[in-house]
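Since the structure comes first, as structure tokens, the remarks are kept for the end.
Residue numbers (my numbering): 9 to 331.
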């Protein structure tokens with residue numbers, strides 16, 4: 009392995025172009041080349057070699073790679089890298105089926121390679137701060153984690169619906185924040201744009217620790233929102249992963265003259281605090297973690313085993329919606 013790790017990027021859609029940019033900015037790694045059957049019309053390679061086939065990229069001699077190809081291609085591209093001894097960061101979801109996700113996990117585990125998944129929200133500064141404060145007990149016992157992830161239709165996504173492309177963010181971050189897996193899920197979906205796959209989903213679930221989870225996700229809204237609210241005995245956190253802000257709403261024992269408020273015993277409006285903290289780009293933090301994992305250093309990458317769980321829960325969501 010070279011002193012500076014050589015990185016390849018497979019797939020130059022929106023995320024692939026972002027990956028290529030960040031690779032050129034992170035210490036200890038360099039962009040060795042990119043691969044996409046459509047070439048590089050946007051100039052994402054920044055002077056690095058461009059190939060139409062990931063095999064030719066592998067032949068250049070790379071240490072690690074990002075798989076940002078369509079989800080349906082993750083298994084084939086991932087296994088090419090695995091067989092070549094290349095560590096891989098696979099964009100979320102890990103694969104389009106549980107079977108394919110398991111095959112990727114098993115392949116990388118057997119080869120002794122770093123295989124991780126690009127669940128980038130875990131690296132968002134607002135959620136990093138949120139998780140730390142929850143672990144410190146600031147919110148007390150957690151009752152509910154509710155997320156809203158809505159926005160306009162993305163023409164770039166054609167091979168999967170909103171559940172596997174977008175809701176997988178929320179399925180992953182919820183289990184990660186709570187430190188508990190999903191026990192049950194119930195969902196309803198709709199397709200309002202005439203596409204093959206769903207573009208709207210409402211999910212209600214319960215984690216193994218009893219926490220209630222609610223997720224509203226769609227590609228139909230003219231406004232873009234990425235919100236996570238965690239409610240506990242001491243108050244509620246609201247994280248905005250677009251701005252990176254985290255706000256705390258304390259539950260106060262403050263008397264009120266409005267008698268109707270007394271019906272909700274133990275719950276009253278308290279202090280509101282918006283925290284200040286560094287806000288590094290999540291994708292950069294993700295690549296630094298991937299680099300460190302390849303170097304054998306302590307790292308908080310999302311493992312492929314965790315990625316399999318997310319795909320499995322996503323399939324449970326879709327199965328529930330069909331029932």
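Cβ coordinates follow ideal geometry from the N, Cα and C atoms, glycine included. These numbers were taken from a predicted model, which means no experiment stands behind them.
- The Cβ atoms of residue 322 and residue 192 lie no closer than 8 Å to each other.
- Taking the Cα positions, residue 281 is about 43 Å away from residue 331.
- An exposed status is given to residue 60, since fewer than 16 other beta-carbon atoms sit within 10 Å of its beta-carbon.
- About 17 Å separates the beta carbons of residue 238 and residue 225, which is beyond the 8 Å limit, so they are not a contact pair.
- Per DSSP, reduced to three states, the secondary structure at residue 205 is coil, with no helix or strand assignment.
- The C-alpha of residue 29 is placed about 14 Å away from the C-alpha of residue 14.
- When rounded, the separation of the alpha-carbon atoms in residue 279 and residue 240 is 15 Å.
- Distances from the CA of residue 311 to each of 18, 259, 102 were compared; the closest alpha carbon is that of 102.
- Around the beta carbon of residue 243, 16 or more other beta carbons lie within 10 angstroms, which makes this residue buried.
- By the neighbour-count definition (other C-beta atoms within 10 Å, threshold 16), residue 125 is a buried residue.
- Here residue 253 is bridged, per DSSP, to 248.
- Under a 10 Å Cβ-count criterion, residue 199 is classified as exposed, with fewer than 16 other Cβ atoms of the shown protein chains found around its own Cβ.
- Residue 237 is bridged by DSSP to 154, 246.
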